[in-house]
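Be aware that the sequence shown starts at 16, since it is given in the numbering used here, and climbs by one per residue. For each residue, glycine too, the CB sits at the ideal point set by N, CA and C.
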Amino acid sequence: MRQARAALAPSLAQSQEVRDLDEIVIEAVQVNDYIDPVLLEDDPSQPLDHWWWHLGKLRHRTYPAHLLPEHLRAVYEQAADEAA
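Shown next, in the form of structure tokens:
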């Protein structure tokens, strides 16, 4: 998933379909009881603004929300509010 997301052309990454899938990923890593631990291993060699390499931080709500695109920030913060 990570390599595929990283390989997207910027124009495709902004498509509604990809935006919808990104939102599903953000929500899923926060609310699903079981996520494969391999998917939650962050890659510290990747920049933080490439959020798809930092799913563990998203899961543990330690990811800096201001680095997410606005539409994803809303999903991230909403899931955090619902969990609190």
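Q. Hey, quick one: how far does the alpha helix (DSSP H) through L37 stretch, first residue to last?
A. In the sequence shown, the residue the question calls residue 37 occupies position 22. In the sequence as presented, Leu is not what sits at residue 37; that position holds Asp. In the DSSP annotation of this structure, the continuous segment of the alpha helix (DSSP H) that includes D37 starts and ends at Q31 to V46.
* Asked: Is it the case that the Cβ atoms of I41 and L82 are separated by a distance below 9 Å?
  -> Position 26 of the sequence shown, counting from 1, holds the residue named residue 41. Position 67 of the sequence shown, counting from 1, holds the residue named residue 82. Contact: no.
Kindly provide the ranges of any alpha helix (DSSP H) runs that are 4 or more residues long and lie completely inside the segment 52–78, ordered along the chain.
-> 70–74
Legend entry - Cβ pair count under 8 Å reaching 3, the segment 68–78 against the segment 48–56: Judged by Cβ distances under 8 Å, the segment 68–78 makes contact with the segment 48–56, as three or more pairs qualify.
How big is the Cα-Cα spacing for W67 and R17?
As a first step, residue 67 must be located in the sequence shown, where it is residue number 52. As a first step, residue 17 must be located in the sequence shown, where it is residue number 2. In a straight line, the C-alpha of W67 is about 6 Å away from that of R17.
Quick one: Cα of E32 to Cα of A89, how far?
As a first step, residue 32 is located in the sequence shown; it is residue number 17 there, counting from the start. As a first step, residue 89 is located in the sequence shown; it is residue number 74 there, counting from the start. Approximately 17 Å, taken between the alpha carbons.
In whole angstroms, what is the alpha-carbon distance linking H75 and A22? As a first step, residue 75 must be located in the sequence shown, where it is residue number 60. As a first step, residue 22 must be located in the sequence shown, where it is residue number 7. Looking at the two C-alpha atoms, the distance is approximately 26 Å.
Assign Q45 to one of two classes, buried (16 or more other C-beta atoms within 10 Å of its C-beta) or exposed (fewer than that). Locating residue 45 in the sequence shown gives position 30, where the first residue counts as 1. The residue in question, Q45, is buried, as its Cβ has 16 or more Cβ neighbours within 10 Å.
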